[in-house]
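What follows is a single structure, written as structure tokens, with notes after it.
Chains as they are written, first to last, in my numbering: chain A, 62 to 533; chain B, 38 to 527.
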């Protein structure tokens, strides 16, 4: 489909881009910068309304942008995640500098994420990942007077560009082997062309370096804790879910479109990496004293659980990846919303600050407890449904070692989640001063809380939604 | 209402818990009475259930079935039979009595009763769920309120005890989840329905592995030696009413799992494990008895005696005979009433003396006459005095075992002797001897406390004198279970 006819299917993206440019322009005139963030939320809302379910896959812009149920799913997810992040940013203290640009950057980010979910060839995959990465570097270093934020941004940049380079190298070999950048074409060529299997596996490994970096898969996870700690908390909240979810989307698309025949090869190393990722994340999380670092390691561990579904890659496993991503996104965003409210009050992110929170702000403590329980996979909350799916896929695919390691890991993880719960409920508060809940944060909190409860108690619409996204 | 009696019983406490959330913290009296009234109302529903239940039918009764997550074949299935009915009734009874026993809780009442009612829902749900997925959810729902109830209102080492309980049980139940998934994927079409799963002929090796996975989950909950180490900590630190529920109901969830899941669904696995069950049972009985004997702390002594008494349940289960199974299920009920009562009695003493040091008491029989009478009654029931309920069930367990493993039964008798020793030794140290002047002003047990104990005493005496009235409910379902275990198509 050519560019002009494609435009009619491109409405949500156009709205997002239009709002982004409008924000940059308005930033020059509007003095109340919070209004600009609010406008950004409205722009995302408008885009969300205009998203349509594609009943048949469409290939827009000469095949550089696909519109299929899979990309539809991730489009909704990206927009939702960005909307909640912006709501959270509205009430962040101290107020973010350059709010107008901040808001615009997030709208570009939304666009970048949509591109990641809709790319079907190596070129677009690389470009969209780079687009999202560069925006992430900027946002991580957004508090430019804060040395920690600067350090985080630099670290992220160095790690990110190295791993992107390795990924690009892998892609170039793949192009050399098959003569195509289109994922479907690559699959067809790999079946017929006389290429050495070892070389193809090597390209997969090289590409997994860049993609593994995005999803903070061990051993490419080292950047995550420092970056998550240094970045402004709303940005951290976003980074733990947004790029991670879309990273999984791209891995899923590449492995399932081009390399499905080689599944026996990659599922072995993915399952090893999955075990490594969850174990490293969980074990290191135990000793953390900063809530952002704790959640950073927990999010590494969560990536490990999601990788189970990917490693097994049976029907229930692929569904599991998406179900888990919904549950994880809602839960982790919710947990970070609570962290923002608490650190607004105390001005730090130490876990000690949570002592006696249940007396100061019972509702907040209740919410954070539910989010942590959901992360720990306790029913009947969303996190359990995610865990159920990945465990089920491992058992069905006869990956018993993986299942047992994951079960043991879940028990370990409960320990550090309960460290926070213990402080909130079992340790008395020093002061009884209540915390304030700014309205936008409160709203976002209610959305995520309702999300995890509804998904836990009545998961069938979510499963239905996921299975419709997987009609490829 | 009568069409969905089980749903009502399970969800009335939950609804009450949610309503309590919306009431201000300061209305403690209101919250307290509301929770108690709800528990009483629920017990009433339980009595209706009991009256409407037909003991002569072996099938599931009061069946409720609705589709819940159709994509993965999960149904909302509830039902009771002769195995679960006594447990449901026991849970309702103890929840109600322990709720009255909770009036001594004086801080953070709103949270307490919220969690208490949530716990109730979890326990009741576990005993009536007939879908493995639903069963797992209720099973896990029990953990979280229990963590808080021990952790907030417990004794000095409450935090350690709470997290130990939580992690131990969670680890076990995760293996159970893997077992559930293995059953699910073996069946075709995939199902979580326990009745359907019970009809499938699984391969022997498969049964062995899955049996072990479930065993880990259940053994930690019971707890079976050597998985019992969380129990003394949790029991000692938990506040009195929670100890009652922990000993009276939570431990039964583990053995109930054998009756409901491991035995009927995996009979070959159970047969393969049968001798080991016997060995673990006897070890638990003797070990628990000796350790109880050595305790200085009243509550810890009762806690270890639970390990010993739950060993009898396991022994009855290991026998694979009608007497053994009858005894095991009856022992579950009796242990709930007897040990529940003993924990209440420890609580009565602790509330007054703020000490549980057995060696520090003495001569209380003179000061607290009513209390002494009741304590002796419960102790005698616990040590298996004929005429009281403990004797009947332990006798049946031994009778059942003797037909199969003669030596196990002989060894298990040591446990009864030990029980007599440690309980009488306790009575000697607490009630007899010269009065310790420190306790000369202790008031006797009050009316509210007596009120929580009398129903239990009625049951203990009634079962002891005429066990048929409760065995009638249990026996037909157990006959069917035994037929299944012996491979006779039923």
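Backbone N, C-alpha and C define an ideal beta-carbon position, used for all residues, glycine too.
In this text the structure is predicted, and so the values were computed from the model without any measurement.
Whose C-alpha, out of the options, is nearest the C-alpha of residue i?
i: residue 421/A; options: 484/A, 455/A and 409/A; result: 484/A
i: residue 220/A; options: 232/A, 194/A and 461/A; result: 194/A
i: residue 146/B; options: 181/B, 365/B, 72/B and 196/B; result: 72/B
i: residue 426/B; options: 231/B, 364/B, 337/B and 185/B; result: 364/B
i: residue 583/A; options: 330/A, 459/A and 259/A; result: Coverage of chain A is limited to positions 62 through 533, which leaves residue 583/A absent and any answer about it impossible.
i: residue 424/B; options: 502/B, 369/B, 472/B and 196/B; result: 502/B
i: residue 75/A; options: 96/A, 62/A, 104/A and 199/A; result: 104/A
i: residue 352/A; options: 410/A, 270/A and 429/A; result: 410/A
i: residue 181/B; options: 205/B, 440/B, 169/B and 167/B; result: 205/B
i: residue 217/B; options: 464/A, 188/A, 529/A and 474/A; result: 464/A
i: residue 32/A; options: 68/A, 273/A, 499/A and 244/A; result: Outside the displayed span of chain A (62 to 533) sits residue 32/A, for which this structure offers no information.
i: residue 403/B; options: 183/B, 258/B, 464/B and 149/B; result: 464/B
i: residue 165/B; options: 46/B, 64/B and 141/B; result: 46/B
i: residue 324/A; options: 236/A, 495/A, 407/A and 266/A; result: 266/A
i: residue 107/B; options: 371/A, 520/A and 391/A; result: 520/A
i: residue 177/A; options: 441/A, 79/A and 310/A; result: 310/A
i: residue 2/B; options: 292/B, 75/B, 232/B and 375/B; result: Residue coverage of chain B in this structure runs from 38 to 527, which leaves residue 2/B outside it and unanswerable.
i: residue 445/B; options: 410/B, 61/B, 354/B and 302/B; result: 354/B
i: residue 97/A; options: 161/A, 418/A and 120/A; result: 161/A
DSSP has residue i in a bridge; who is on the other side?
i: residue 411/A; result: 351/A
i: residue 102/B; result: 114/B
i: residue 30/B; result: What the structure shows of chain B is the stretch from 38 to 527, and residue 30/B is not part of that stretch, so it cannot be assessed.
i: residue 127/A; result: 120/A
i: residue 394/B; result: 334/B
i: residue 230/B; result: 168/B
i: residue 270/B; result: Answer is none; residue 270/B lacks a bridge partner.
i: residue 243/A; result: 182/A
Where does the unbroken alpha helix (DSSP H) through residue i begin, and where does it stop?
i: residue 564/A; result: What is shown of chain A runs 62 to 533, which leaves residue 564/A out entirely.
i: residue 93/A; result: Element bounds for residue 93/A: n/a, residue is neither H nor E.
i: residue 419/A; result: 418-421
i: residue 476/B; result: Counting along the chain, residue 476/B falls outside any alpha helix (DSSP H), and DSSP gives it neither H nor E.
i: residue 469/B; result: No alpha helix (DSSP H) contains residue 469/B, which DSSP labels as neither H nor E.
i: residue 74/A; result: 72-88
i: residue 278/B; result: 277-282
i: residue 420/B; result: 406-420
i: residue 492/A; result: First-last for residue 492/A: undefined, no H or E at that position.
i: residue 221/B; result: 195-223
i: residue 524/A; result: 521-530
i: residue 436/B; result: 426-439
i: residue 95/B; result: First-last for residue 95/B: undefined, no H or E at that position.
i: residue 490/B; result: 484-502
i: residue 449/A; result: 443-457
i: residue 64/B; result: It is not in any alpha helix (DSSP H) - residue 64/B carries neither H nor E in the DSSP assignment.
i: residue 506/A; result: 500-518
i: residue 256/B; result: 241-258
i: residue 144/B; result: That residue, residue 144/B, is in no alpha helix (DSSP H); it is neither H nor E in DSSP.
i: residue 294/B; result: 288-294
Please list, in chain order, the chain D residues whose beta carbon lies closer than 8 Å to that of residue i.
i: residue 441/A; result: In summary, chain D is missing from the structure at hand, where the protein chains are A and B.
Quick check on the DSSP output: the beta strand (DSSP E) that includes residue i runs from which residue to which?
i: residue 120/A; result: 119-121
For the ligand ATP, is there any heavy atom lying closer than 8 Å to the beta carbon of residue i?
i: residue 318/A; result: Of the ligands one can find in the structure shown there are none, so the ligand ATP has no counterpart to examine.
For this session: Note down, one range per segment and in chain order, each alpha helix (DSSP H) of at least 4 residues found wholly within the region 250-301 of chain A.
Result: 258-275 and 284-291
Exercise. Are the region 449-458 of chain A and the region 311-322 of chain A in contact at 8 Å, needing three or more beta carbon pairs?
Worked result: They do not touch, by the three-pair rule.
Exercise. Counting pairs of Cβ atoms below 8 Å between the region 320-334 of chain A and the region 375-384 of chain A, do you hit three or more?
Worked result: no
Exercise. Counting pairs of beta carbons, one from the region 127-144 of chain B and one from the region 278-290 of chain B, are three or more of them closer than 8 Å?
Worked result: Yes, the region 127-144 of chain B touches the region 278-290 of chain B.
Exercise. In chain order, which continuous runs of the beta strand (DSSP E) of length 3 or greater are located wholly inside the region 181-209 of chain A?
Worked result: none
Exercise. Which ranges does the alpha helix (DSSP H) cover as unbroken runs of at least 4 residues, wholly within the region 130-185 of chain A, from first to last along the chain?
Worked result: 130-151 and 160-179
Exercise. At what residue ranges does the region 347-395 of chain B contain a whole run of the alpha helix (DSSP H), taking only runs of 4 or more?
Worked result: 359-390
For this session: Inspect the CB distances between the region 143-150 of chain A and the region 497-515 of chain A and report whether three or more fall short of 8 Å.
Result: yes
Exercise. Does the region 272-279 of chain A touch the region 299-310 of chain A, meaning 3 or more C-beta pairs lie closer than 8 Å?
Worked result: yes
For this session: Flag this pair as touching only if the region 191-200 of chain B and the region 151-164 of chain B have three or more C-beta atom pairs under 8 Å; answer yes or no.
Result: No: fewer than three Cβ pairs fall under 8 Å.
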